[in-house]
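A.B. asks:
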Ligand code: NI
Ligand code: NI
Ligand code: NI
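Residue numbers (full-length UniProt numbering), protein chains in the order written: chain L, 1 to 107; chain B, 1 to 107; chain P, 1 to 107.
1) Counting only beta-carbon separations shorter than 8 Å, does residue 41(P) have a partner in chain B?
2) Is the Cβ of residue 23(L) closer than 8 Å to any Cβ of chain B?
3) Could you tell me which of 46(P), 104(P), 68(P), 11(P) sits nearest to residue 3(P), measuring between CA atoms?
4) What does DSSP give as the partner residue(s) for residue 47(L) in the beta ladder?
5) Using beta carbons (cut-off 8 Å, strictly below), is residue 54(P) in contact with chain B?
6) Would you mind reading off the limits of the beta strand (DSSP E) that contains residue 88(B)?
7) With a 10 Å radius around its C-beta and 16 neighbouring C-beta atoms as the bar for buried, classify residue 23(L) as buried or exposed.
8) Just by C-beta distance, which residues in the stretch 78-107 of chain B are closer than 8 Å to chain P?
9) Looking at the structure shown, is residue 67(P) part of a helix, part of a strand, or coil, going by DSSP?
10) For the beta strand (DSSP E) containing residue 103(P), list its first residue and its last residue.
11) Is residue 99(L) near residue 99(P), with beta carbons less than 8 Å apart?
12) Any contact of the stretch 59-75 of chain P with the stretch 58-65 of chain L, i.e. 3+ C-beta pairs under 8 Å?
13) Can you name the residues of chain L whose CB is closer than 7 Å to the CB of residue 6(P)?
14) Taking the alpha carbon of residue 93(P) as the reference point, which residue from 69(P), 105(P), 101(P) has its own alpha carbon closest?
15) For residue 122(P), does the count of other Cβ atoms within 10 angstroms reach 16, so buried, or fall short, so exposed?
16) Sort 91(L), 66(L), 19(L), 85(L) by Cα distance to residue 107(P) and report the nearest one.
17) Helix, strand or coil: which one does DSSP assign to residue 72(L)?
18) Is it buried or exposed, residue 89(B), if we count other Cβ atoms within 10 angstroms and call 16 or more buried?
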């Protein structure tokens, strides 16, 4: 069995958890923030059998892949000059660590 | 040395941490929620020497084993019809992952 | 690749994260509390290549090493008798676990 620790953007977390749950992956959500103290990310801890590891990683890729998004910046945001037109930003992305589980107990 | 990640119910967490501390296990509590976004669980990270691993898992089993509890539902709870008599629910349960620690440093 | 889980004092966390970031270590901060339910600690999850592991542990040692600090207790603190003169306390310290990462994906 493997443990997958996936660090994903907050904005992708709810959709990923929903997809994982629908596909019968057991997931625990840990509160976390990025090292740069920027906007939040979420760390998910997922226990998975070897034979479903590829399926799990594909699912994370599908939900969290980096993609362009057009946003209209909101005036008065802290620390940034006001940009009065829509801009394109990249959202998404994930960091995935796979660790070996030596023993697993469901109590 | 092993790392035990134990996901337990919030209602069992305080009692388990107390028992672990009394028995000289070093434990760190991570904030977490279940994947189903239901009521909270707690993830405990415990470093343990191999020779005490069985003792640790037995302790978790003792504190967190699923058991029946009679509760009188509180009127006006969100989303549920009012049940005007005591009902039996199952509480407790835990998911325990054991990982290998390659190196351990106490600074 | 290795995963380093470092449990450090809250008071050292911000400085350590800054140093890690400056030195190009990828770090994720998990909310955590000590097992004794005392004042907070922080768990940092750091992915690191084997060849930088010693450098990483040295950095944690440098920032978090236990050291004496002179503090003047604040009158009226809960549960403690008022001590009307400066006292020396030990701050810092860290617990560091190194785990093996079997697979790493940047999505
Ligand atoms: Ni396995
Ligand atoms: Ni060992
Ligand atoms: Ni490696």
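The beta-carbon is built from N, C-alpha and C at its ideal position, and this holds for glycine as well.
C.D. replies: In this structure, then:
1) By 1-based counting over the third chain, the position of residue 41(P) is 41. Yes, residue 41(P) counts as interfacial toward chain B.
2) Taking the first residue of the first chain as position 1, residue 23(L) is located at position 23. Taking Cβ atoms only, chain B never reaches closer than 8 Å to residue 23(L), which makes this a no.
3) Taking the first residue of the third chain as 1, we reach residue 3(P) at position 3. Of the candidates 46(P), 104(P), 68(P), 11(P), the one whose C-alpha sits nearest the C-alpha of residue 3(P) is 46(P).
4) Your numbering for residue 47(L) matches position 47 in the first chain. Paired residues: 3(L), 26(L).
5) For the purposes of this step, residue 54(P) is taken as residue 54 along the third chain, with counting starting at 1. No, residue 54(P) lies away from the interface with chain B (no Cβ there is under 8 Å from its Cβ).
6) Within the second chain, numbered from 1, the residue matching residue 88(B) stands at position 88. Unbroken beta strand (DSSP E) run through residue 88(B): 87-91.
7) Start at 1 with the first residue of the first chain, and residue 23(L) comes out as number 23. Its Cβ having fewer than 16 others within 10 Å, residue 23(L) is exposed.
8) 99, 100, 101, 102, 103, 104, 105, 106, 107
9) The residue you call residue 67(P) lines up with position 67 of the third chain. Residue 67(P) sits in a strand when the DSSP states are folded into three classes.
10) Counted from its first residue, the third chain places residue 103(P) at position 103. Element bounds for residue 103(P): 103-106.
11) For this step, residue 99(L) is matched to residue 99 along the first chain. For this step, residue 99(P) is matched to residue 99 along the third chain. Their beta carbons are under 8 Å apart, which means residue 99(L) touches residue 99(P) by this criterion.
12) In short, these stretches do not touch, since the Cβ pair count stays below three.
13) Walking along the third chain from the start, residue 6(P) turns up at place 6. Chain L residues near residue 6(P): none, gap ~12 Å exceeds 7 Å.
14) Within the third chain, the letter at position 93 stands for residue 93(P). Across the set 69(P), 105(P), 101(P), the C-alpha of 69(P) shows the shortest separation from the C-alpha of residue 93(P).
15) Given a span of 1 to 107 for chain P in the structure shown, any question on residue 122(P) remains unanswerable.
16) Locating residue 107(P) in the third chain gives position 107, counting from the first residue. It is 66(L).
17) Taking the first chain and counting its residues from 1, the one referred to as residue 72(L) is at position 72. In the structure shown, residue 72(L) sits in coil (DSSP, three-state: anything other than H, G, I, E or B).
18) For the purposes of this step, residue 89(B) is identified with residue 89 of the second chain, where counting begins at 1. The residue is exposed, with fewer than 16 neighbouring Cβ atoms inside 10 Å.
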